[in-house]
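Notes follow the structure.
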Amino acid sequence: MEKKNRLILALDVTDRENALRIANEVSDYVDSIKVGYPLVLGEGLSIVKELVEIAPVIADFKVADIPNTDRLICEHVFNAGAAGIITHGFTGRDSLDSCVKVANEFGTDVYVVTEMSHPGGVEFFRPVAEDIASMAVEAGASGVVAPATRPERVKDIRKIIGEELSIISPGVGAQGGSAADVIRAGADWVIVGRSIYNSDSPAEAAKKICDEMNC
Numbered sequence: 640m641e642k643k644n645r646l647i648l649a650l651d652v653t654d655r656e657n658a659l660r661i662a663n664e665v666s667d668y669v670d671s672i673k674v675g676y677p678l679v680l681g682e683g684l685s686i687v688k689e690l691v692e693i694a695p696v697i698a699d700f701k702v703a704d705i706p707n708t709d710r711l712i713c714e715h716v717f718n719a720g721a722a723g724i725i726t727h728g729f730t731g732r733d734s735l736d737s738c739v740k741v742a743n744e745f746g747t748d749v750y751v752v753t754e755m756s757h758p759g760g761v762e763f764f765r766p767v768a769e770d771i772a773s774m775a776v777e778a779g780a781s782g783v784v785a786p787a788t789r790p791e792r793v794k795d796i797r798k799i800i801g802e803e804l805s806i807i808s809p810g811v812g813a814q815g816g817s818a819a820d821v822i823r824a825g826a827d828w829v830i831v832g833r834s835i836y837n838s839d840s841p842a843e844a845a846k847k848i849c850d851e852m853n854c
C-alpha cells in the first residue's frame, strides 16, 4: 500500500449507495478503504469489486479459523479484488501461514491483529500481543494492527517488528485516539470510521485528520 495520506477509511456502513457515496467523497484523502462484516453481509463481496475502482480495499474479516477455512476465505476475498485482509493471530502459526501463502500467490497483504483498540482489548490480547507481533514477522505478514487508543502499545509493537512490517492503527476519533500521537508512536496508517462517515462532510473530516498528521 502506497503511503501517501496515511489514512485508511473504515467504511462500516451497511448499504451500497451510502458506501459508494462516502468512498467517492473521501477518495482524495485516503490510501485505502477498510470494509468489514457490516457492509459485506449487507451487500455481498460484490461491493469490494466496486470499491476497488475508487481505492484499494482491505477486508477486515479478522480471519480466525483452521488453516483450510482461512485459505478459502482469503481466496474469496482476493478474488473479489481486495488488496489486503486482516487476520487474527491467536489461532496459531499454521493458520496465519495459510493466509500469508494465499496472499503471496495473489500479491496482496496480510495484517495481523496484535491488540484491539476497545477497552476490552486489553483483557486477553495484552499478555500475547507481543508474541503475536513476533509471529507476524516470522510468518512474513505485511503488517500488524495495533491500537491508536494506546500509543504506548504501538511503540512496544514497533520495537518488536522493527521496520520490516507496517502498523495500521484503529481507534482514532470516536474511540478517543489521536492520529498525530499514534503516528509519532510508530504507526504507518491510522484507521478512522465514524468520525468520517458520520460527519456532515466526510471529505472535510478526512482532510482534517490528514492535516493533523501533516500529510
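Taking this note's numbering, the leading residue of the sequence shown gets 640, the next gets one more, and so forth.
We put the beta carbon where it would ideally sit given N, CA and C, even for glycine.
The structure presented is a predicted model; accordingly, all values stated were derived computationally and were not measured.
| Item | Value |
| --- | --- |
| CB contact flag (VAL793, GLY825, <8 Å) | yes |
| VAL821 and VAL829 closer than 8 Å at C-beta | yes |
| LYS701 - DSSP class collapsed to helix/strand/coil | strand |
| Classification of THR653 by the beta-carbon crowding that lies within 10 angstroms, buried from 16 upward | exposed |
| Residue burial classification, PHE700 (beta-carbon count within 10 angstroms, cutoff 16) | buried |
| Same chain only: Cβ atoms within 8 Å of VAL811, ignoring 5 sequence neighbours per side | ALA787, SER817, ALA818, VAL821, VAL829, ILE830, VAL831, SER834 and ILE848 |
| Length of the line joining the Cα atoms of VAL696 and PRO706 | 23 Å |
| Neighbourhood of ALA775 by C-beta, 6 Å cutoff - its chain only, sequence neighbours within 5 removed | VAL751 and VAL783 |
| Beta-carbon gap between SER773 and ILE806 smaller than 8 Å | no |
| Integer Cβ distance of ILE693 from ILE672, believed to fall under 8 Å | 7 Å |
| Residue nearest to ALA845 in terms of C-alpha spacing, selected from GLY779, LEU646 and LYS642 | LEU646 |
| Between the CA atoms of ASP651 and ALA674 - distance to the nearest angstrom | At residue 674 the sequence reads Val, which differs from the Ala that was named. Taking the straight line from one Cα to the other gives about 6 Å. |
| Complete alpha helix (DSSP H) runs within the region 641 to 719 (minimum length 4 residues, chain order) | 655 to 665, 676 to 682, 685 to 690 and 706 to 718 |
| Opposing strand residues paired with TYR750 [DSSP bridges] | ILE725 and GLY782 |
| Cross-strand partners of GLY816 (DSSP beta bridge) | VAL811 |
| Beta-carbon gap between GLU769 and ASP795 smaller than 8 Å | yes |
| Bridge partner(s) assigned by DSSP for SER805 | GLY782 |
| Coarse secondary structure for VAL767, derived from DSSP in three states | coil |
| Beta carbon of VAL749 nearer than 8 Å to that of ALA780 | yes |
| Residues near ALA721 by beta carbon distance below 6 Å, same chain, minus five either side | VAL687, VAL696 and ALA698 |
| Residue from ARG732, GLY723 and ASN718 with nearest C-alpha to ASP670 | GLY723 |
| Given GLN814 as reference, the closest of GLU803, MET755 and VAL767 once Cα atoms are compared | MET755 |
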